[in-house]
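This report concerns only the one structure given below.
Protein chains: 2
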Amino acid sequence: MWEEWAVTQFVDDTFVCDPPKTLALAEGFRFTHGERIAPFEIIYETYGELNEDRSNAVLVCHALSPGAHCAGKYTPDDIKPGWWDGMVGHGKGIDLRTHFVVCVNFPGSPWGTTAPRSLDPATGKPYGSRYPWVTVEDMVESQRIVMDHLGITKWKAIAGNSLGGMEVLMWAALHPERIGALICIAASASVPVASVAWHLIGRKLIQSDPAFKGGDYYDSPDPLRGLQLARMVGHMTYLSNEALEAKFGRRRRGGTRQFEVDSYLEYQGGKFATSYDANSYIRVQAAMDEMDLDEQFGSLQAAFSRLRGKALLISFDTDWLFPTAEVARIEAAMREAGVDVAHLDIPTPNGHDAFLIDYHLINPPVQELLASL
Amino acid sequence: MWEEWAVTQFVDDTFVCDPPKTLALAEGFRFTHGERIAPFEIIYETYGELNEDRSNAVLVCHALSPGAHCAGKYTPDDIKPGWWDGMVGHGKGIDLRTHFVVCVNFPGSPWGTTAPRSLDPATGKPYGSRYPWVTVEDMVESQRIVMDHLGITKWKAIAGNSLGGMEVLMWAALHPERIGALICIAASASVPVASVAWHLIGRKLIQSDPAFKGGDYYDSPDPLRGLQLARMVGHMTYLSNEALEAKFGRRRRGGTRQFEVDSYLEYQGGKFATSYDANSYIRVQAAMDEMDLDEQFGSLQAAFSRLRGKALLISFDTDWLFPTAEVARIEAAMREAGVDVAHLDIPTPNGHDAFLIDYHLINPPVQELLASL
Chain Y
1 MWEEWAVTQF
11 VDDTFVCDPP
21 KTLALAEGFR
31 FTHGERIAPF
41 EIIYETYGEL
51 NEDRSNAVLV
61 CHALSPGAHC
71 AGKYTPDDIK
81 PGWWDGMVGH
91 GKGIDLRTHF
101 VVCVNFPGSP
111 WGTTAPRSLD
121 PATGKPYGSR
131 YPWVTVEDMV
141 ESQRIVMDHL
151 GITKWKAIAG
161 NSLGGMEVLM
171 WAALHPERIG
181 ALICIAASAS
191 VPVASVAWHL
201 IGRKLIQSDP
211 AFKGGDYYDS
221 PDPLRGLQLA
231 RMVGHMTYLS
241 NEALEAKFGR
251 RRRGGTRQFE
261 VDSYLEYQGG
271 KFATSYDANS
281 YIRVQAAMDE
291 MDLDEQFGSL
301 QAAFSRLRGK
311 ALLISFDTDW
321 LFPTAEVARI
331 EAAMREAGVD
341 VAHLDIPTPN
351 GHDAFLIDYH
361 LINPPVQELL
371 ASL
Chain C
1 MWEEWAVTQF
11 VDDTFVCDPP
21 KTLALAEGFR
31 FTHGERIAPF
41 EIIYETYGEL
51 NEDRSNAVLV
61 CHALSPGAHC
71 AGKYTPDDIK
81 PGWWDGMVGH
91 GKGIDLRTHF
101 VVCVNFPGSP
111 WGTTAPRSLD
121 PATGKPYGSR
131 YPWVTVEDMV
141 ESQRIVMDHL
151 GITKWKAIAG
161 NSLGGMEVLM
171 WAALHPERIG
181 ALICIAASAS
191 VPVASVAWHL
201 IGRKLIQSDP
211 AFKGGDYYDS
221 PDPLRGLQLA
231 RMVGHMTYLS
241 NEALEAKFGR
251 RRRGGTRQFE
261 VDSYLEYQGG
271 KFATSYDANS
281 YIRVQAAMDE
291 MDLDEQFGSL
301 QAAFSRLRGK
311 ALLISFDTDW
321 LFPTAEVARI
331 EAAMREAGVD
341 VAHLDIPTPN
351 GHDAFLIDYH
361 LINPPVQELL
371 ASL
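The listed protein sequences correspond, in order, to chains Y and C. Note that the working numbering numbers the first sequence so that position 299 is 299, with each residue one more than the last. Note that the working numbering numbers the second sequence so that position 206 is 206, with each residue one more than the last.
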């Protein structure tokens with residue numbers, strides 16, 4: 001019954017995409033903190049055609065929950081298309097008639113790339129607690145490896161939302177020469193303290209669940225209640241108060257005293273806990289919280305000092321996970337660094353989730369930016 | 001180290017008060033939902049002197065966390081005074097030189113009145129899961145019983161913050177003829193959905209902790225991690241983002257990578273979990289969420305239709321647990337019902353907790369109201 005509120009929008013006019021591709025790294029993947037996992041597999045997807053001079057490639061960076069499947073359906077019968085299908089498609093914001101889109105499942109995420117729940121060939125058991133704590137640099141590095149593998153020297157543009165937008169900013173700081181333009185939506189150069197606190201609480205809920213067993217819980221088939229609860233906290237931070245009032249108010253489920261919002265949160269949390277992986281959740285979210293471009297580069301302006309491509313920053317006025325003021329700070333730093341930057345603060349009742357809902361508001365500026373390159 | 005951030009302010013110019021008083025009800029207490037616990041004890045405190053015609057009595061209604069000890073110190077050596085000592089005292093907002101103040105520990109709360117952790121004389125064990133689910137009406141009823149016991153016909157005024165303010169509104173609806181004036185601070189006639197959702201999540205954290213054992217956990221001496229986590233969620237809802245930025249930002253604890261806000265939340269949650277009781281927490285908070293004067297009386301205007309005393313409503317512009325708009329709704333309903341009402345929306349960075357911090361802002365209007373009666 002809650003499908004109507006599901007965040008990913010159903011778009012009927014989608015296309016049939018290729019299955020995911022695998023890049024096997026025999027030498028393994030080396031994490032920022034020094035660990036190496038070998039062998040290591042990176043899963044990615046591509047859509048559209050790479051042109052002859054390889055100048056039409058767009059990288060889409062995914063956020064915490066989704067994976068490399070950002071557009072299309074594997075078969076026409078799939079119930080849902082990829083997670084950003086409203087943006088990526090033929091005639092859409094990132095137009096596949098003229099662009100080649102790449103989306104890479106980053107290390108730590110549970111959707112195909114070697115992850116905490118992957119089997120360690122040395123032991124035949126999941127890596128579990130032994131999987132490294134990833135960083136946003138690791139995410140960018142996995143995307144760079146795929147980029148080189150595909151023979152792409154420079155992305156025409158890179159785009160991402162939420163954590164994906166933080167990856168975009170990390171690209172701008174680490175590899176500015178390899179980016180033609182960037183699109184950063186609902187993200188900032190570090191997570192502000194209120195959002196850090198909610199993230200921390202979410203991780204504590206997982207780690208305090210005795211069934212989590214320090215991360216080595218894969219012998220049990222049951223979804224973790226701690227992960228379900230953490231997702232409820234997460235959902236609350238994605239929704240604006242306006243959306244909560246409009247969708248639920250203080251309404252009860254028919255014939256019961258249960259609040260509708262209660263039923264909704266349990267449903268969304270439960271769905272997530274049966275598919276996502278708790279070890280991935282705590283690692284990916286911690287990576288988000290640890291990223292801090294001010295701290296890492298001395299200042300935001302220093303972080304963006306080598307960036308020469310155009311930048312489009314989009315914030316949403318009801319997003320309190322990444323408030324507009326944080327995005328304005330990036331805008332100011334980029335401007336001082338001489339970057340051609342535009343910041344669009346979009347009024348919407350949809351909070352942080354607007355990047356998965358308000359395509360009529362975010363696609364036109366993205367289209368315009370790409371057309372201007 | 002976190003004492004500096006403790007919510008209750010230290011006030012040195014306080015007085016030595018009487019010890020708590022006990023009202024033993026041999027016939028027991030009958031709860032709204034029909035259960036009776038007998039015998040039953042109600043704990044309350046009084047400060048100041050009741051005048052001859054018993055016309056100077058002010059009821060202070062407490063919120064979720066504290067109890068009947070709202071002002072003074074039992075001995076000069078007490079580290080902290082009562083929880084609203086900044087308001088109640090000699091020469092303070094509710095001036096004990098001219099007023100007699102009563103504060104009643106309500107049923108469900110763990111601070112003395114027969115509670116879930118009290119021993120059931122029939123079994124010699126705590127009531128635990130068998131303790132009834134309380135309502136705000138039950139809280140008001142316990143205060144009415146003490147009022148009658150003290151021979152007070154009409155309160156000169158009643159005052160409360162947060163849940164205490166909700167009790168004040170319930171008094172206005174149930175016993176308007178027994179109130180000379182009301183002071184309702186940081187509260188509304190029902191908890192708005194965003195706050196309900198955070199409350200629900202907090203209760204789920206307790207109830208999902210295996211050590212909670214459905215409420216019969218008293219054989220273990222350990223504090224419940226679920227209660228500690230719930231309190232962390234609660235704390236987040238009490239603090240404004242401004243306060244979080246000012247107090248913590250993204251700062252780390254000296255020499256570590258631990259965020260200061262993390263350390264703060266663990267400290268506050270831990271302190272709470274070792275003193276408060278989980279069965280009380282879930283019952284008192286559920287009572288708060290269940291109260292809905294619109295639903296109960298058909299409309300807010302109907303709820304306040306018999307009220308004739310003056311009303312002072314105070315909201316805080318950074319309180320997102322009880323936003324200003326909710327208080328404005330009460331103001332409008334009271335006005336339509338012909339009540340002499342004033343609504344003060346106070347700008348402060350201190351969020352919901354402002355009623356325990358900003359005495360320089362809330363005492364003057366309270367003083368003024370009492371002087372006008």
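We put the beta carbon where it would ideally sit given N, CA and C, even for glycine.
Segment limits, beta strand (DSSP E) that includes residue 344 of chain C
For residue 344 of chain C, the uninterrupted beta strand (DSSP E) run begins and ends at 341-346, by DSSP.
Identify whether residue 257 of chain C lies in helix, strand or coil by the three-state DSSP scheme.
Here residue 257 of chain C sits in coil by DSSP.
Inter-residue spacing [alpha-carbon to alpha-carbon] between residue 209 of chain Y and residue 226 of chain Y:
Rounded to whole angstroms, residue 209 of chain Y and residue 226 of chain Y show a C-alpha spacing of 5 Å.
Once the 5 residues before and after residue 25 of chain C are set aside, which same chain residues still bring their CB inside 6 Å of it?
A distance below 6 Å between beta-carbons, with the five flanking residues on each side excluded, links residue 25 of chain C to the following residues of its chain, in chain order: 40.
Under 8 Å from the C-beta of residue 201 of chain C: neighbouring residues of chain Y
Residues of chain Y with a Cβ closer than 8 Å to the Cβ of residue 201 of chain C are, in chain order, 229, 232, 233, 236 and 265.
Other residues of its chain near residue 212 of chain C: CB distance less than 8 Å, five sequence neighbours each side excluded
Counting only Cβ-Cβ distances below 8 Å, and skipping sequence neighbours, we find 206, 224, 226 and 278.
Using only the alpha-carbon positions, how far apart do residue 267 of chain C and residue 241 of chain C sit?
Whole-angstrom Cα-Cα distance: 19 Å.
Show which residues of chain Y have a CB atom less than 7 Å away from the CB atom of residue 292 of chain C.
Contact of residue 292 of chain C with chain Y by beta-carbon distance below 7 Å involves 250.
Check the C-beta distance from residue 244 of chain C over to residue 233 of chain C and give it rounded, since I have them as a contact under 8 Å.
Between residue 244 of chain C and residue 233 of chain C, the beta carbon gap of about 14 Å keeps them out of contact (Cβ cut-off 8 Å).
Taking only the alpha-carbon atoms, compute the straight-line gap between residue 120 of chain C and residue 38 of chain C and give it to the nearest angstrom.
Their Cα atoms are separated by approximately 9 Å.
At the 9 Å Cβ level, is residue 353 of chain Y part of the contact set with chain C, yes or no?
Any Cβ of chain C closer than 9 Å to the Cβ of residue 353 of chain Y would place that residue at the interface, and such an atom is absent.
Can you pull the chain Y neighbours of residue 350 of chain C, defined as C-beta to C-beta under 7 Å?
Result: empty, since nearest Cβ-Cβ is about 15 Å, beyond 7 Å.
Range covered by the beta strand (DSSP E) that runs through residue 396 of chain Y:
Shown here, chain Y extends from 1 to 373; a query on residue 396 of chain Y therefore has no answer.
To the nearest angstrom, how far is it from the Cα of residue 360 of chain C to the Cα of residue 87 of chain C?
In this structure, the CA atom of residue 360 of chain C is about 10 Å from the CA atom of residue 87 of chain C.
Put residue 279 of chain Y into one of helix, strand or coil per three-state DSSP.
Residue 279 of chain Y: helix per DSSP, three-state reduction.
Terminal residues of the continuous beta strand (DSSP E) containing residue 310 of chain C?
Per DSSP, the continuous beta strand (DSSP E) segment holding residue 310 of chain C begins and ends at 310-316.
Does chain Y have any CB closer than 9 Å to the CB of residue 297 of chain C?
Interface residue (Cβ-Cβ distance to chain Y less than 9 Å): residue 297 of chain C is not classified as such.
Can you give me the start and stop residues for the alpha helix (DSSP H) that residue 241 of chain Y sits inside?
Per DSSP, residue 241 of chain Y belongs to the alpha helix (DSSP H) from 241-247.
Give every residue of the same chain whose Cβ lies closer than 7 Å to the Cβ of residue 231 of chain Y, excluding the five residues on either side of it in the sequence, and list them in chain order.
Here the set comprises 268, 269, 272 and 273.
At what residues does the alpha helix (DSSP H) containing residue 237 of chain C begin and finish?
That run of the alpha helix (DSSP H) goes 225-238.
Give me the chain Y residues within the contact set of residue 198 of chain C, using Cβ-Cβ distance strictly less than 8 Å, ordered along the chain.
The contact set of residue 198 of chain C on chain Y, defined by CB atoms closer than 8 Å, consists of 236 in chain order.
Pick from C/168, C/190, C/275 and C/181 that is closest to residue 221 of chain C, judged by C-alpha positions
It is C/275.
I'd like to confirm the pairing. Which residues does DSSP put opposite residue 103 of chain Y in its beta bridges?
Answer is Y/45 and Y/60, bridged to residue 103 of chain Y.
From the DSSP output, in three-state form, read off residue 156 of chain Y for me.
Residue 156 of chain Y falls in the coil class under three-state DSSP.
Give a yes or no on whether the minimum CB-CB distance between residue 162 of chain Y and chain C is below 9 Å.
With a threshold of 9 Å between beta carbons, residue 162 of chain Y makes no contact with chain C.
Give the interface partners of residue 210 of chain Y over in chain C, defined as CB-CB distance under 8 Å, in chain order.
Residues of chain C whose Cβ lies closer than 8 Å to the Cβ of residue 210 of chain Y are, in chain order, 210.
I'd like to confirm something about residue 50 of chain Y: is its beta-carbon nearer than 8 Å to some heavy atom of the ligand COA, or not?
Annotation note on the ligand COA: not contained in the displayed structure, which lists no ligands.
In chain Y, which residues lie with their C-beta within 9 Å of the C-beta of residue 261 of chain C?
Residue 261 of chain C reaches chain Y at 193, 194, 196, 197 and 200, counting residues in chain order whose Cβ is nearer than 9 Å.
Can you name the residues of chain C whose CB is closer than 7 Å to the CB of residue 204 of chain Y?
In chain order: 229.
Apart from the five residues just before and just after residue 331 of chain C, which ones in its own chain have a Cβ nearer than 6 Å to its Cβ?
Apart from the 5 residues on each side of it in sequence, residue 331 of chain C sits with its Cβ closer than 6 Å to the Cβ of 313, 341 and 343 in its chain, given in chain order.
Looking at the strands, I want to know which residues DSSP matches up with residue 184 of chain Y.
Partner(s): Y/160 and Y/313.
Short check: CB of residue 321 of chain C to CB of residue 191 of chain C, under 9 Å?
It is a contact, given that the beta carbons lie within the stated cut-off.
Beta-carbon neighbours of residue 190 of chain C, restricted to chain Y and to distances below 8 Å:
250, listed in chain order.
Could you name the residues of the same chain whose beta carbon sits closer than 7 Å to that of residue 104 of chain Y, not counting the 5 residues immediately before and after it, in chain order?
Closer than 7 Å at the Cβ level, and outside the excluded window around residue 104 of chain Y, lie 42, 44, 68, 142, 143 and 146.
Does any residue of chain C bring its CB to less than 9 Å from the CB of residue 366 of chain Y?
Cβ-Cβ to chain C under 9 Å: no for residue 366 of chain Y.
First and last residue of the beta strand (DSSP E) that includes residue 200 of chain C?
Boundaries for residue 200 of chain C: no beta strand (DSSP E) harbours it, while the alpha helix (DSSP H) harbouring it runs 193-207, taken from the DSSP string.
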